[in-house]
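Take 1 as the starting number for the sequence shown in the numbering used here and just add one per residue.
Cβ atoms here follow ideal geometry from the backbone N, Cα and C, with glycine treated the same way.
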Amino acid sequence: MELKESYNLVVFGDSITKGVVYDSEKSRYSNLKDCFVNLVGSSIKGTVYNAGRFGSTIIRGISKMYNDVLKKTPDIVLIEFGGNDCDFDWDEIAHKPDIEHKPNTDLSTFRDTLLIMIDTFRKSNITPVLMTLPPLDYKRYFKWITKGDELSEQNVLSWLGSEIEIYNWHKAYNEIIVEVSNRTKTLMVDVRSEFLKYRDYSRFLCIDGIHPNSEGHSLIAKVMLNFIENNYKFLLQGNRI
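Structure, rendered in structure tokens:
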């Protein structure tokens, strides 16, 4: 990448990128002002555009890729998808636990679409960087998706077999990200490993068990800035946050 006075970065992903957190006091989701994109952006020489969309899967992402990324001709794009891709229609499972249910995006499609994204960006002279998924708290998430309803809990549990399968399934999508990073020699910001260094990593997550809270976003920003310092130091302003 050529050295310039100013750079253009796009962070491309779902609600984690968007900075969505659950406000327990107001009982609703809201956008965090100090999300990791804004925290990192304040240290970058140039502009950082947040192309995160609430509820976005990688399929929706690639359908918006021209307007959200390519049209902005960034130097670097950070790709963060997977949390919605691995998700299921839990209400339907709660009502019909005895039939087959499929995730929003199956593992094979997730991998193939990620590979297409990376190839498209590189052909457009945009440097892709991958981001791993923060781990979820499967106990909190199970309570969240079953809404505290006893029958829903029983039905979803009978379909899952065990609550921890939620964690394992989510982890499988993260493993695809790592695999694609190695296969395509694409640099990767390993947010997940940093979270897992803490035995009580749930303190970085909202009550829903999957969205990072303000402390979680601060941790992601720290990991991101360390990554940039180690790999793209020329992007940083003189003073880091």
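Look at the Cβ atom of residue i, then the Cβ atom of residue j, and state whether they are nearer than 7 Å.
{"i": "residue 58", "j": "residue 81", "result": "yes"}
{"i": "residue 244", "j": "residue 186", "result": "The requested residue 244 is not part of the displayed model; the chain covers only 1 to 241."}
{"i": "residue 50", "j": "residue 11", "result": "yes"}
{"i": "residue 8", "j": "residue 41", "result": "no"}
{"i": "residue 88", "j": "residue 103", "result": "yes"}
{"i": "residue 19", "j": "residue 31", "result": "yes"}
{"i": "residue 77", "j": "residue 132", "result": "no"}
{"i": "residue 159", "j": "residue 86", "result": "no"}
{"i": "residue 126", "j": "residue 74", "result": "yes"}
{"i": "residue 164", "j": "residue 138", "result": "yes"}
{"i": "residue 136", "j": "residue 210", "result": "yes"}
{"i": "residue 22", "j": "residue 207", "result": "yes"}
{"i": "residue 43", "j": "residue 236", "result": "yes"}
{"i": "residue 188", "j": "residue 130", "result": "yes"}
{"i": "residue 97", "j": "residue 38", "result": "no"}
{"i": "residue 134", "j": "residue 195", "result": "yes"}
{"i": "residue 62", "j": "residue 113", "result": "yes"}
Which value, in whole angstroms, describes the spacing of the CA atoms of residue i and residue j?
{"i": "residue 95", "j": "residue 17", "result": "32 Å"}
{"i": "residue 108", "j": "residue 238", "result": "43 Å"}
{"i": "residue 232", "j": "residue 27", "result": "39 Å"}
{"i": "residue 128", "j": "residue 181", "result": "10 Å"}
{"i": "residue 153", "j": "residue 70", "result": "43 Å"}
{"i": "residue 4", "j": "residue 25", "result": "45 Å"}
{"i": "residue 64", "j": "residue 56", "result": "10 Å"}
{"i": "residue 1", "j": "residue 230", "result": "15 Å"}
{"i": "residue 226", "j": "residue 197", "result": "16 Å"}
{"i": "residue 240", "j": "residue 79", "result": "Note that residue 240 scores 46 on pLDDT, short of 50, meaning its location in the model is unreliable and no value can be drawn from it."}
{"i": "residue 48", "j": "residue 72", "result": "11 Å"}
{"i": "residue 157", "j": "residue 124", "result": "46 Å"}
{"i": "residue 110", "j": "residue 184", "result": "15 Å"}
Run through the DSSP bridge pairs and tell me what residue i is partnered with.
{"i": "residue 50", "result": "11"}
{"i": "residue 129", "result": "78"}
{"i": "residue 97", "result": "Paired residue(s): none; residue 97 is not in a bridge."}
{"i": "residue 91", "result": "BP columns for residue 91 are empty, so no partner."}
{"i": "residue 236", "result": "44"}
{"i": "residue 212", "result": "205"}
{"i": "residue 23", "result": "28"}
Determine, using beta-carbon pairs with one atom in the stretch 189 to 205 and one in the stretch 144 to 160, whether at least three such pairs fall under 8 Å. Segments in contact, no.
Using 8 Å as the Cβ pair cut-off and three pairs as the minimum, do the stretch 148 to 155 and the stretch 214 to 226 touch? No contact exists between the stretch 148 to 155 and the stretch 214 to 226.
Could you tell me which uninterrupted beta strand (DSSP E) segments, each at least 3 residues in length, are contained entirely in the stretch 119 to 189, listed from first to last along the chain? List check, beta strand (DSSP E) in window: 127 to 131.
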